[in-house]
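**Q** Residue numbers (our numbering), protein chains in the order written: chain V, 1 to 253; chain Z, 1001 to 1286; chain D, 2001 to 2339.
We put the beta carbon where it would ideally sit given N, CA and C, even for glycine.
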């Protein structure tokens, strides 16, 4: 197994509760992979484990050939393993430009403040926030905050980007815009793991899907195959529905 | 000195400590405010009790409810008029504000009451049991302190006001939506905190001399007890108070009385870092 | 609240254009303080010294309390340790300037080690922890009689020269410390460290996620907030010639310094300087005129500050105040004219 990011038997227990149990997978460079699962499946915990927010109970995380199991979040960021938050986390009283410059200055590798600002302007143009560069981050609308979050992460020059529910709270049109942006990011050669609980959103964009349920990886494969997987249907709809589904013999999700 | 004696001394002291800290813990837990006035509230309660006893010849135990009421009204007014306006601001703001208010109260007390140590002398004699000697007034103080603490516990658990306070602590917005007037509950909570401080001061004045020079000491004790026992619960304050009393008693015996207080503070710093939830570690006010 | 401070660095030529004026005002202020030995009596010089030493401490506190937003109340611990290290070093025959340097380094090291532990706490717990540090150090110093003289305090070798010469020397040293603290503030404010600290102030988790080593940054800020207080303490000990635990580790000092910074505007470069000047002058005025009530009046100032100047003097929108004032007068005039 190789890959830019690899998880080997990753587990996490909070007290007696196993939030993540023996999860292994790998991301190949340049891929877009979707990680789905019902609410409470352990998706965000998994992201927190990869980026060093929580220490692992067991297992290993390998990034770009190096063991990064014990890294701190800031080290993950500097290595090129960036993430966005499910609940956006701006620096509220700073301008949009300063927010992105913070990503560039500390997570990327510019030499001077001026370079960081240039970099920040480029990323703002990329996500389409340039006209709002001088407004305070706190006054942005939700879709724009998500864009800001993306720009901030991109300014860190990531190799891998973990997108935690970037589409949550957006309407259909806004989701389409966000997906288009994610495609453009992938076109720049960034490997993307997109975390969602809405299956529909990821199916169209992902080359591969991982399904997490009760902290365990229950299915992995091409989007179509995963959707028709019995275990996945059961996880989302419950055993009773899944059985009825099967009887009807159709698997439109 | 024999171990049993040290233990008994520690428990007697600890019961008083619990009573000192329980109001501070309530305010911190519910309002998220570090009340720097707490030490002065205690001393004010002690002074009022002393003067009622000394000049009016009243029985201090009968005076206690009146003193508590006065402190309640003072606390309610301070919260309603001042602290409520900034109650959601960062710690720096609320702590500084209560410190400023404390400077005013402290100054008033030193001017009108002077810093002379005052004590209600009850002369109840001593009791001896299993070789342990304890002055009766201390036992009385312990009994009163435990009674007051238990009363607060019952009020928090059983009364409508108590439940409303708990609701506000858990979720301010949800409580407001359910028709609880949050600012009033805050003022009542702060009033109860002051009431408990005043009552504790009244009890203290029957056992030890009180003086304005002690405001900082009492405040420090309240910090330490809250951290040891865990914030925001009556049992937490009780455990913390008793633990601190016993620890100080033994530390004073083993290391000398001048180190007793230091041990408490050092323990607090260690606990802050290792286990910020305290020994009891409950969340939510009952 | 950090908005004003952040925009000075990255964007906003409007702010830049006001800067030369601020620097000129500062130069004038320092010049005035430095001239007190020539202009006034010893009492005036004492006030100037007090202003310089508290300004240095308020600027120091600003690193952790203002830029980083950690409610630190450990200033008195740093000041007190500075007093004692300086005094003990001098009593053991170490030359004056070396003793002061030693005190500075000792306090910086102490803060770095302490920071490693208590900077893991946040909000109320950090505030309580930082106050507790003052108490613990004070208690240790008072009970460690064999070394520190315990509650009886310590005599410190007095500076050579007559009272006027000594005052002048102390004043210039304190002014130098104050300017050093100011220089450090300007450097931090413009650099990577200041930017990182502001990020931590606004959202520590997000700061971590963009690659800021928050632990190291916070320790740097905490050490910076300690260092100059250590020097100030050592110089203060040499100036007054006698120190004791109650005076050196006073809770009043530990709250007064943040209040001074808040009064001017926490997290700004010039705020602590303005705040300290105003506070010390007010305090002296009240000491002189209402000795018995000075503590209550200080308390009153604090309450006033919290309600009417929440962002500090420098964050007030003076142009708007002025406009409002003019508008009100215009209204009055037109009302009068109508009559």
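Of all the alpha helix (DSSP H) runs that stay within the bounds of the segment 36-123 of chain V, which reach a length of 4 or more residues?
**A** Segments of the alpha helix (DSSP H) lying fully in the segment 36-123 of chain V: 43-50, 73-79 and 96-102.
**Q** Mark residue 2164 of chain D as exposed unless 16 or more other C-beta atoms lie within 10 angstroms of its C-beta, in which case mark it buried.
**A** Along the third chain, one-based indexing puts residue 2164 of chain D at 164. Label assigned to residue 2164 of chain D: exposed.
**Q** Is residue 2274 of chain D close to chain Z, meaning its C-beta is less than 8 Å from at least one C-beta of that chain?
**A** In the third chain, the residue the question calls residue 2274 of chain D occupies position 274. Not closer than 8 Å to any Cβ of chain Z, the Cβ of residue 2274 of chain D fails to qualify, so no.
**Q** Along the beta strand (DSSP E) that carries residue 191 of chain V, what are the first and last residues, could you check?
**A** Numbered from 1 along the first chain, position 191 holds the residue referred to as residue 191 of chain V. Run containing residue 191 of chain V: 191-196, per the beta strand (DSSP E) assignment.
**Q** What's the C-alpha gap between residue 1287 of chain Z and residue 1099 of chain Z?
**A** Missing from the structure shown is residue 1287 of chain Z; chain Z here goes from 1001 to 1286 and no further.
**Q** With distances taken Cα to Cα, identify the nearest neighbour of residue 2189 of chain D among D/2269, D/2097 and D/2046.
**A** Locating residue 2189 of chain D in the third chain gives position 189, where the first residue counts as 1. Among D/2269, D/2097 and D/2046, the Cα nearest to that of residue 2189 of chain D belongs to D/2269.
**Q** Please state whether the Cβ-Cβ distance between residue 44 of chain V and residue 12 of chain V is less than 8 Å.
**A** Taking the first residue of the first chain as 1, we reach residue 44 of chain V at position 44. Taking the first residue of the first chain as 1, we reach residue 12 of chain V at position 12. In this structure, residue 12 of chain V does not lie closer than 8 Å to residue 44 of chain V by Cβ.
**Q** By Cβ distance, which residues of its chain are closer than 6 Å to residue 82 of chain V, with the 5 residues on each side in sequence left out?
**A** Indexing the first chain from 1 puts residue 82 of chain V at position 82. Excluding positions up to five away in sequence, the list reads 153, 156, 158 and 161.
**Q** Decide yes or no for the touch test of the segment 2225-2233 of chain D against the segment 2273-2282 of chain D: beta carbon pairs closer than 8 Å, at least 3 of them.
**A** No, they do not touch.
**Q** Quick one: what's got a C-beta closer than 7 Å to residue 256 of chain V's C-beta in the same chain, skipping five residues either side?
**A** Here chain V comprises residues numbered 1 to 253, so residue 256 of chain V is not present and cannot be evaluated.
**Q** Are residue 1172 of chain Z and residue 1012 of chain Z close, meaning C-beta to C-beta below 8 Å?
**A** Start at 1 with the first residue of the second chain, and residue 1172 of chain Z comes out as number 172. Start at 1 with the first residue of the second chain, and residue 1012 of chain Z comes out as number 12. No.
**Q** Just checking, does the segment 30-41 of chain V make contact with the segment 199-212 of chain V on the three C-beta pairs under 8 Å criterion?
**A** Yes, the segment 30-41 of chain V touches the segment 199-212 of chain V.
**Q** Out of curiosity, what's the CA-to-CA distance linking residue 180 of chain V and residue 95 of chain V?
**A** For this step, residue 180 of chain V is matched to residue 180 along the first chain. For this step, residue 95 of chain V is matched to residue 95 along the first chain. Roughly 25 Å separates the two Cα atoms.
**Q** Going by DSSP, what residue range makes up the beta strand (DSSP E) through residue 2143 of chain D?
**A** On the third chain, position 143 is the one that residue 2143 of chain D refers to. Not the beta strand (DSSP E): residue 2143 of chain D falls in the alpha helix (DSSP H), residues 2123-2143.
**Q** Quick one: what does DSSP say residue 2212 of chain D is sitting in, helix, strand or coil?
**A** Along the third chain, one-based indexing puts residue 2212 of chain D at 212. Looking at residue 2212 of chain D - three-state DSSP - the assignment turns out to be coil, as it is neither helix nor strand.
**Q** Would you say residue 1016 of chain Z and residue 1196 of chain Z are within 8 Å of each other, going by their C-beta atoms?
**A** Start at 1 with the first residue of the second chain, and residue 1016 of chain Z comes out as number 16. Start at 1 with the first residue of the second chain, and residue 1196 of chain Z comes out as number 196. It is not a contact, given that the beta carbons lie outside the stated cut-off.
**Q** So if I threshold CB-CB distances at 9 Å, which residues from the segment 2174-2202 of chain D count as touching chain V?
**A** Listed by position along the chain: 2190, 2191, 2192, 2195, 2196, 2198, 2199, 2201 and 2202.
**Q** Measuring only the C-alpha atoms, how far is residue 66 of chain V from residue 1161 of chain Z?
**A** Taking the first chain and counting its residues from 1, one reaches residue 66 of chain V at position 66. Taking the second chain and counting its residues from 1, one reaches residue 1161 of chain Z at position 161. For residue 66 of chain V and residue 1161 of chain Z, the distance between alpha carbons rounds to 58 Å.
**Q** Please confirm whether residue 1229 of chain Z and residue 1237 of chain Z have their CB atoms less than 8 Å apart.
**A** Residue mapping note: residue 1229 of chain Z aligns to position 229 of the second chain, counting from 1. Residue mapping note: residue 1237 of chain Z aligns to position 237 of the second chain, counting from 1. In contact: residue 1229 of chain Z and residue 1237 of chain Z (Cβ atoms closer than 8 Å).
**Q** When Cβ atoms are compared, which residues of the segment 1054-1081 of chain Z fall closer than 9 Å to chain D?
**A** Within the segment 1054-1081 of chain Z, no residue qualifies.
**Q** Give a yes or no on whether the minimum CB-CB distance between residue 1186 of chain Z and chain D is below 8 Å.
**A** Against the second chain, residue 1186 of chain Z aligns to sequence position 186. So no, residue 1186 of chain Z is outside the interface.
**Q** Starting from the N-terminal side, write out each stretch of the alpha helix (DSSP H) that is 4 residues or longer and does not extend beyond the segment 1207-1270 of chain Z.
**A** For the segment 1207-1270 of chain Z, whole alpha helix (DSSP H) runs of length 4 or above, ordered along the chain, are 1215-1229 and 1234-1255.
**Q** Residue 1151 of chain Z: which of Z/1058, Z/1118 and Z/1192 sits nearest, CA to CA?
**A** For the purposes of this step, residue 1151 of chain Z is taken as residue 151 along the second chain, with counting starting at 1. Minimum Cα distance to residue 1151 of chain Z is reached at Z/1192.
**Q** Going by beta carbon distance, what residues of the same chain come within less than 8 Å of residue 1126 of chain Z, once the five residues before and after it are set aside?
**A** Taking the first residue of the second chain as 1, we reach residue 1126 of chain Z at position 126. Answer for residue 1126 of chain Z: 1133, 1134, 1135 and 1136, listed in chain order.
**Q** Apart from the five residues on each side of it in sequence, which residues of its chain come closer than 8 Å, Cβ to Cβ, to residue 97 of chain V?
**A** Residue numbering aside, residue 97 of chain V sits at position 97 when the first chain is read from its first letter. Closer than 8 Å at the Cβ level, and outside the excluded window around residue 97 of chain V, lie 117, 120, 121, 124, 133 and 134.
**Q** Just to confirm my understanding: we take residue 1 of chain V, look at its own chain, exclude 5 residues before and 5 after, and list those with CB closer than 6 Å. What are they?
**A** Your numbering for residue 1 of chain V matches position 1 in the first chain. In this prediction, residue 1 of chain V scores a pLDDT of 49, lower than 50, which makes its location untrustworthy; the coordinate-derived value is nonetheless stated afterwards. Correct list, in chain order: 26.
**Q** When you compare each of D/2107, D/2086 and D/2109 to residue 2098 of chain D by their alpha carbons, which one comes out closest?
**A** Sequence index remark: in the third chain, residue 2098 of chain D carries index 98 (1-based). Among D/2107, D/2086 and D/2109, the Cα nearest to that of residue 2098 of chain D is on D/2086.
**Q** According to DSSP, is residue 2237 of chain D helix, strand or coil?
**A** Along the third chain, one-based indexing puts residue 2237 of chain D at 237. Residue 2237 of chain D: helix per DSSP, three-state reduction.
**Q** When the distance is taken between beta carbons, is residue 1087 of chain Z closer than 8 Å to residue 1033 of chain Z?
**A** On the second chain, position 33 is the one that residue 1033 of chain Z refers to. On the second chain, position 87 is the one that residue 1087 of chain Z refers to. Result yes, Cβ atoms of residue 1033 of chain Z and residue 1087 of chain Z sit closer than 8 Å.
**Q** Would residue 2197 of chain D and residue 2217 of chain D qualify as a contact pair, given that the criterion is a beta-carbon distance under 8 Å?
**A** Against the third chain, residue 2197 of chain D aligns to sequence position 197. Against the third chain, residue 2217 of chain D aligns to sequence position 217. Cβ atoms of residue 2197 of chain D and residue 2217 of chain D: closer than 8 Å.
**Q** Spell out a yes or no on whether the segment 2150-2159 of chain D and the segment 2087-2095 of chain D are touching, meaning 3 or more CB-CB pairs, one atom from each, closer than 8 Å.
**A** Because the criterion of three Cβ pairs below 8 Å is met, the segment 2150-2159 of chain D and the segment 2087-2095 of chain D touch.
**Q** Just to confirm my understanding: we take residue 53 of chain V, look at its own chain, exclude 5 residues before and 5 after, and list those with CB closer than 7 Å. What are they?
**A** As a working mapping, residue 53 of chain V is identified with position 53 in the first chain. Counting only Cβ-Cβ distances below 7 Å, and skipping sequence neighbours, we find 73.
**Q** What's the gap between the Cα of residue 195 of chain V and the Cα of residue 41 of chain V?
**A** Along the first chain, one-based indexing puts residue 195 of chain V at 195. Along the first chain, one-based indexing puts residue 41 of chain V at 41. Rounded to whole angstroms, residue 195 of chain V to residue 41 of chain V spans 11 Å at the Cα level.
**Q** Hey, is residue 2212 of chain D's beta-carbon within less than 8 Å of any beta-carbon in chain V?
**A** Here residue 2212 of chain D refers to the residue found at position 212 of the third chain. True, the Cβ-Cβ gap to chain V drops below 8 Å.
**Q** Looking only at its chain, what residues have a beta carbon closer than 6 Å to the beta carbon of residue 1211 of chain Z, apart from the 5 residues adjacent to it on each side?
**A** Along the second chain, one-based indexing puts residue 1211 of chain Z at 211. If we look at residue 1211 of chain Z and ignore the five residues flanking it on each side, its Cβ neighbours are 1115 and 1117.
**Q** For residue 1134 of chain Z, which beta-bridge partners are listed by DSSP?
**A** Your numbering for residue 1134 of chain Z matches position 134 in the second chain. Paired residues: Z/1127.
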